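Take a look at the structure set out below.
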Amino acid sequence: MTEECWIPAGKAADLHEKGKLVFRKGGKQILVLQTGDRLFAVNNRCPHQGYPLSEGHMSDDCRLTCNWHNWKFDLDSGETVVGGDQLRSYAVKIEGEAILVDLADPDRTAAQSRALDNLYACFHRYEYDRMGRELARFKAAGGNYARAVGEMINRCYLQFEYGMSHAFAAAADWLALTEKYEAEGRDDAALVTALEAVSHFAWDSQRYDGFPYADRVEPFEAEKFLAAVEAENEAEAVALMNGALAEGLSYAELRPVLARAALAHYNDFGHSAIYVVKAGQLLDRIGADYLAPVLRTMVRSLVYARREDLIPEFRAYGPALEGWSQSGEALSVGELWAKPANRILEAIASSAMAEKELYQLLFAALVRNLLHFDTDLAARTRNKITDNVDWLDFTHGLTFSNAVRHLCEETPELWPQGLLQMACFAGRNAGYLDRDLDVTAWKVPEAAAFLAQAHDFLLDHGLPEPIVSCHILKTLLALEEEMAAFPGAGWTGEALAAFNRFLAIPVRRRHSLRTARQSLEFTAKE
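Mapping to UniProt numbering: the sequence shown position 312 is 312, numbers consecutive.
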């Protein structure tokens, strides 16, 4: 409990005459209201947009209305009847001729808890601005942004029908920036990144019902877990992971087996491997208290992951993995970057190059893919559904590669799977390239300045869908990590040019005419 702090607010006679008065103290504006023999003291600034409640209307049943947007506050219960944010109230009394208001700060623990409750209340209607205000209140009460993210995960993770989404992966990167900006004293930038993390969870879980996980607990065995994921048996896989939690296993101890599950197939357009890495980075920031919800969503996403090595385009993946020999010749980017999947897979499986050399070779090919993406194809209105491509099809090759390096450095026996799946990304991009594109205009003369500008862009990107902004974020941070891991790499210039072009040419998110034409053509064949 905080100590009381009674402050004179005015004369009782003035309040009796007018029914209300406003006083200012320490940057605050406090509105004191009287109706009959009842007294109320509240913030004069409406918690919505700050308009003066002294210009509002007080009803006989003690409801105060803000006339700007018709928000209504029940002063008896303290609840917001119409609107969102809660209105702060204060203890008030009359002693003699003086009105006294207690301006003591609320208990910090209680204030944090209330802010977290209110933050989660924003999720249902995706109230982005209010999420920002509630995060600011949480921080002002001594809260930590990473904890706010963890608490929101704990409250909403059951609403993810198919398990982990980009929100989890992006949160790891947003929180890395939050930590950086707080260390630099950039409070506004730190709030932006925390808000982007939280609001993505709100977007992805919005209005979904709960999808519970199995409560059963089985002793954790790695091979049994891998078999359950392979059989797409969520209940069994979750029961085994519940066993791992009961045994006190850490995420670091579980990551190698999760990596094996993620790379057991060319899984889910690379999401599985990315999520395994990012989940660990996320937990490093929000803490092990949130291990259970992160692990369970991770397991569910592995079970539901589509296995693209089973479709014709990547049918050569299995034989390439089985025939991995590293007995052939050295390769060059020029040989690989625009070839179809089967030819790249065959070349990589038989190359005599070391794993890290192959990794850099494939990364360079994927960088060149991104740089030479034919953006005219993304704007077409007459093409097959299978040829619907955009920038995000290309950025995934780089973010997946970054995940492969992390996982395979920790578990080296997975290099063949990781490298061949990178080759799948390069092969699938081959049909959508402008090989003759003049890239001169996209070259970046000063890397540090350009990267700083890219980070600044993320603080005010103006993009409504988090799926787009999070891919810009993840691609930027993946590139920075790879540049740090391989200083002076030959692909650096092309990587910066590719990201420059990606930022400059917007991702087209709605294709009305294309959708209509494809719908008519598709249903005509039913």
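Just so it is clear, CB atoms sit at the ideal spot from N, CA and C, and this is done for glycine as well.
Small disclaimer: the values here were computed from a predicted structure and weren't measured.
Cβ pair ILE274, ALA169 closer than 8 Å: yes
Contact check, TYR208 vs ARG300, beta carbons under 8 Å: no
ARG63 - containing beta strand (DSSP E), residue span: 63-65
Length at least 4, wholly inside the stretch 427-488: the alpha helix (DSSP H) runs in chain order: 447-458, 466-485
Of the listed residues ARG343, SER401, ARG508, nearest to VAL389 (C-alpha basis): ARG508
One or two residues paired with GLY10 in a DSSP bridge: ILE99
Straight-line Cα distance separating MET298 from ASP215: 16 Å
Distance, ARG517 Cα to THR523 Cα: 10 Å
DSSP three-state assignment for residue 549, whether helix, strand or coil: With the chain covering 1 to 526 only, the question about residue 549 has no answer from this structure.
Cβ pair count under 8 Å reaching 3, the stretch 116-133 against the stretch 149-158: yes
Spatially closest choice to ASP61 from GLY142, SER351, VAL81, by CA coordinates: VAL81
DSSP state of ALA354 mapped onto helix, strand, coil: coil
3-residue-minimum beta strand (DSSP E) runs that sit fully inside the stretch 244-291, ordered along the chain: none
CB contact below 8 Å: HIS200 versus chain B: The structure shown contains no chain B; it holds only a single protein chain.
Backbone secondary structure at PRO52 - three-state DSSP: strand
Close beta carbons around ALA416, own chain, < 7 Å, minus the five adjacent residues each side: Reading off the sequence shown, one finds Pro at residue 416, where the question assumed Ala. Cβ within range, chain order: LEU321, TRP324.
GLU313 versus GLU134: straight-line alpha-carbon distance, rounded: 48 Å
Unbroken stretches of the beta strand (DSSP E), 3 residues or longer, contained in the stretch 73-153: 80-82, 92-95, 98-102
Under 8 Å between C-beta atoms of ALA222 and ALA228: no
Three-pair Cβ contact test at 8 Å for the stretch 137-149 versus the stretch 102-122: yes
Backbone secondary structure at ILE348 - three-state DSSP: helix
Rounded Cβ spacing between PHE363 and GLU482 (contact assumed at less than 8 Å): 7 Å
Opening and closing residue of the alpha helix (DSSP H) in which ALA41 lies: Note, ALA41: premise wrong, no alpha helix (DSSP H); beta strand (DSSP E) at 38-43.
Nonlocal neighbours in the same chain, by C-beta distance under 8 Å from ASP85, ignoring five residues either side: PRO47, HIS48, ASN118, ARG130, ARG133, GLU134
Own chain residues within Cβ distance below 6 Å of HIS57, not counting five before or after: THR65
Buried/exposed call for PRO466, threshold 16 Cβ in 10 Å: buried
Proximity winner among ALA279, ALA261, TRP337, relative to ARG307 (alpha-carbon distances): ALA261
Outcome for PHE138 when other beta-carbon atoms lying within 10 angstroms are tallied against a minimum of 16: buried
Residues that DSSP places opposite ARG24 in a beta bridge: GLN29
Assigned secondary structure, ARG307 (DSSP; H/G/I helix, E/B strand, else coil): strand
Proximity to GLY397 [Cα-Cα], best of ILE385, LYS25, ARG368, LEU407: ARG368
Touching by the beta-carbon criterion (3+ pairs, under 8 Å), the stretch 270-284 and the stretch 401-408: yes
ALA352 and GLU329 closer than 8 Å at C-beta: yes
Residue burial classification, VAL255 (beta-carbon count within 10 angstroms, cutoff 16): It is worth fixing the name first, because residue 255 is Arg in this sequence and not Val. So ARG255 ends up on the buried side.
Proximity of PHE73 and ARG63 at Cβ, strictly below 8 Å: yes
Given PHE394 as reference, the closest of GLN453, TRP337, ALA167 once Cα atoms are compared: TRP337
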